[in-house]
DNA sequence: TGACTACTGTACCAATCAGTCAAGCGTTGA
DNA sequence: TCAACGCTTGACTGATTGGTACAGTAGTCA
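Protein chains in written order, with the working numbering: chain A, 1 to 198; chain B, 199 to 396.
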């Protein structure tokens, strides 16, 4: 009765969802087994170091997805404004308008932070750096771009928390809309378009 | 060997710290006992419904602290600008510049959300409402005040996540500084002072 | 002094935890 | 056809989980 899951990578999407929903400590092997359809034996065959290795695999996949879908266009896209707009839309879809938790953010807040500190840091550093690069390509100066990109990433994380707390996806969407305005760049002056509207 | 802890309330601060550091699932009774200096017997004497009741007691105390120190001045203070500045400073101190997690936010993200949904919701609704009231007293219109207050609360939560992820309290402080600018109100025009600086 | 209440330590419980292991299965290459 | 390999199963372990029960101890009031 072998080979019901062709690849180790087939399990990663399920693993990600389990860790998102239950956290690192809350995701028991029983739960993981149910979600992936894999027995303990298979799980430990694919991930000899247990849950920790599973989370690392999930984090690696998340990092890759963001690199391809978000960071890379931000850094290298020919139209900075378009890349930023795409980032916000991709992000909103990815987090299902705040109904889906950011696993990296959740791990950062929990006491598991130390265990995955490097991966967590890499994720956010790459995001802020990539967004900053796009903002600089818009014509902003480096320092302003830095502050603005930090603020945007932080707002997305906060929007997930608040929209879940209020159980209202509209909160998340409003935050994304506001970021669209704040990150847009028009003409020669240094600020975004948001100053007079908010 | 009775009465080593005079009051049930003496344990709540320790309980809060344990749940902050380890989360709901991660905070085992062994850990809780160590942190509070109480054995299981005492713990279940004070909190007959176990961990759930402990968290509820902690949430009630947090709610009370924010009501007295943050929400009430925002709603009723005679100087709205001063009340807002106080809120930001009190908040920065309370969260130790992002080194300390927001328990309510952490619970909102974890799968324990449903269990404490009402308390979590109350906390954030009260915060946003109180800040909105202060912004309206500044002279802003209700809708703008609503968006701005939502944005501010969300930014604080996001700042905790990001500053912990990057292990850099300066990130949190920059977010607070930015909120100072964004929430300040000068003269007759409708926006904050932040438009041209960022 | 003697009851009564409030608190405490500890033994105990069933359930669940992460992790191990040997045996068995199906597929593959020779 | 058969051995080797990769995957799977499920029973098992020892530790830990949240929670209960209860005997006892200290303080308080009469």
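Idealized CB from N, CA, C, for every residue including glycine.
Computed from a predicted model, the values in this text were never measured in an experiment.
Give me, in chain order, the residues of the same chain whose beta-carbon lies closer than 7 Å to that of residue i; leave out the 5 immediate sequence neighbours on both sides.
i, result
"residue 3 (chain A)", "Because residue 3 (chain A) carries a pLDDT of 45, less than 50, the predicted location of this residue cannot be relied on, and the following value inherits that uncertainty. Here the set comprises nothing."
"residue 199 (chain B)", "Low per-residue confidence applies at residue 199 (chain B): pLDDT is 42, beneath 50, and the placement is therefore not dependable, though the value from the model is reported in the following sentence. Result list for residue 199 (chain B): empty, nothing under 7 Å."
"residue 170 (chain A)", "none"
"residue 11 (chain A)", "5, 36, 38, 46"
"residue 211 (chain B)", "none"
"residue 320 (chain B)", "261"
"residue 99 (chain A)", "169"
"residue 192 (chain A)", "Model confidence at residue 192 (chain A) stands at a pLDDT of 46, short of 50, so the residue's coordinates are unreliable and nothing is read from them."
"residue 387 (chain B)", "Annotation note: pLDDT 49 at residue 387 (chain B) (below 50); position unreliable, no value reported."
"residue 147 (chain A)", "none"
Just checking my contact of residue i with residue j at CB under 8 Å: how many whole Å lie between their CB atoms?
i, j, result
"residue 200 (chain A)", "residue 58 (chain A)", "In the structure as shown, chain A starts at 1 and stops at 198, and residue 200 (chain A) therefore has no counterpart that could be examined."
"residue 159 (chain A)", "residue 172 (chain A)", "5 Å"
"residue 23 (chain A)", "residue 308 (chain B)", "5 Å"
"residue 332 (chain B)", "residue 282 (chain B)", "5 Å"
"residue 26 (chain A)", "residue 223 (chain B)", "5 Å"
"residue 40 (chain A)", "residue 31 (chain A)", "Not really, about 12 Å apart at Cβ, beyond 8 Å."
"residue 161 (chain A)", "residue 258 (chain B)", "About 21 Å; that fails the 8 Å criterion."
Going by C-alpha distance, which of the options is nearest residue i?
i, options, result
"residue 87 (chain A)", "A:52, A:16, A:108, A:72", "A:72"
"residue 174 (chain A)", "B:383, B:359, B:348", "B:348"
"residue 379 (chain B)", "B:362, B:332, B:306, B:279", "B:279"
"residue 384 (chain B)", "B:344, B:362, B:335", "B:335"
"residue 94 (chain A)", "A:35, A:130, A:16", "A:16"
"residue 145 (chain A)", "A:183, A:119, A:168", "A:183"
"residue 165 (chain A)", "B:338, B:250, B:225, B:316", "B:316"
"residue 179 (chain A)", "B:312, B:352, B:207, B:329", "B:352"
"residue 163 (chain A)", "B:330, B:322, B:229", "B:322"
"residue 206 (chain B)", "B:230, B:227, B:326, B:241", "B:241"
"residue 274 (chain B)", "B:251, B:231, B:329, B:320", "B:329"
"residue 250 (chain B)", "B:346, B:311, B:326, B:341", "B:311"
"residue 129 (chain A)", "A:99, A:98, A:168, A:74", "A:74"
"residue 365 (chain B)", "A:79, A:120, A:141, A:148", "A:120"
For residue i, which residues of its own chain have a beta-carbon under 8 Å away from its beta-carbon, when the five flanking residues on both sides are left out?
i, result
"residue 126 (chain A)", "63, 66, 67, 71"
"residue 289 (chain B)", "268, 354, 374"
"residue 231 (chain B)", "237, 238, 241"
"residue 103 (chain A)", "16, 19, 20, 58, 59, 62"
"residue 142 (chain A)", "132, 136"
"residue 79 (chain A)", "none"
"residue 49 (chain A)", "none"
"residue 56 (chain A)", "116, 119"
Tell me which same chain residues have a C-beta within less than 6 Å of the C-beta of residue i, skipping the five on either side of it?
i, result
"residue 299 (chain B)", "218"
"residue 295 (chain B)", "367, 370, 371"
"residue 287 (chain B)", "none"
"residue 252 (chain B)", "213, 245"
Identify every run of the alpha helix (DSSP H) within the segment 124 to 192 of chain A, keeping only runs that are complete inside it and at least 4 residues long; order them along the chain. 142 to 165, 169 to 183
Entirely within the segment 283 to 319 of chain B and at least 4 residues each: give me those alpha helix (DSSP H) ranges in chain order. 301 to 307
Threshold first: 4 residues or longer. Then list the alpha helix (DSSP H) segments lying entirely within the segment 206 to 235 of chain B, N to C. Segments of the alpha helix (DSSP H) lying fully in the segment 206 to 235 of chain B: 207 to 224, 227 to 234.
Give the list of continuous alpha helix (DSSP H) stretches no shorter than 4 residues that lie fully inside the segment 44 to 79 of chain A. Every alpha helix (DSSP H) stretch that sits fully inside the segment 44 to 79 of chain A and reaches 4 residues is listed by chain position as 50 to 66, 72 to 76.
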